[in-house]
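Novice: In our numbering, the protein residues as written are 410 to 518. Quick reminder that beta carbons are idealized off the backbone N, C-alpha and C, glycines included. Because the structure is a prediction, the values reported are computed rather than measured.
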């Protein structure tokens, strides 16, 4: 909007500040302004690092939940459902036993 402040603008601002505050207060104002800017910069850097850390934590949670859901789906696909054809195909065949039934045609003693 205003663009960058050049050297002529800075000189005008300093002259106006010198007229308003006087030569004794100007160094104090410069120090306090510098401290304020430094504190603001520290606070903004701290906020930025906190936000980046929170974003990383959320990404890790998302990746973990996605990995867990993929593992669950892989496990459920590998384990056959009881009573399904896949369950019968994976089971060993039962031993063939001969079962003799009485037909009732024999003589009883």
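1. Output the distance between the C-alpha atoms of residue 454 and residue 484, rounded to the nearest integer angstrom.
2. Could you check the C-alpha separation between residue 424 and residue 430 for me, to the nearest Å?
3. Determine the contact status of residue 409 and residue 435, defining contact as a CB-CB distance below 8 angstroms.
4. Between the alpha carbons of residue 476 and residue 450, how many angstroms are there, rounded?
5. Between residue 440 and residue 446, what straight-line distance do the alpha-carbon atoms span, to the nearest angstrom?
Specialist: A quick look at the data gives this:
1. When rounded, the distance between both Cα atoms is 45 angstroms.
2. 10 angstroms
3. Outside the modelled stretch of the chain, which goes from 410 to 518, sits residue 409, for which no answer is possible.
4. 39 angstroms
5. 10 angstroms
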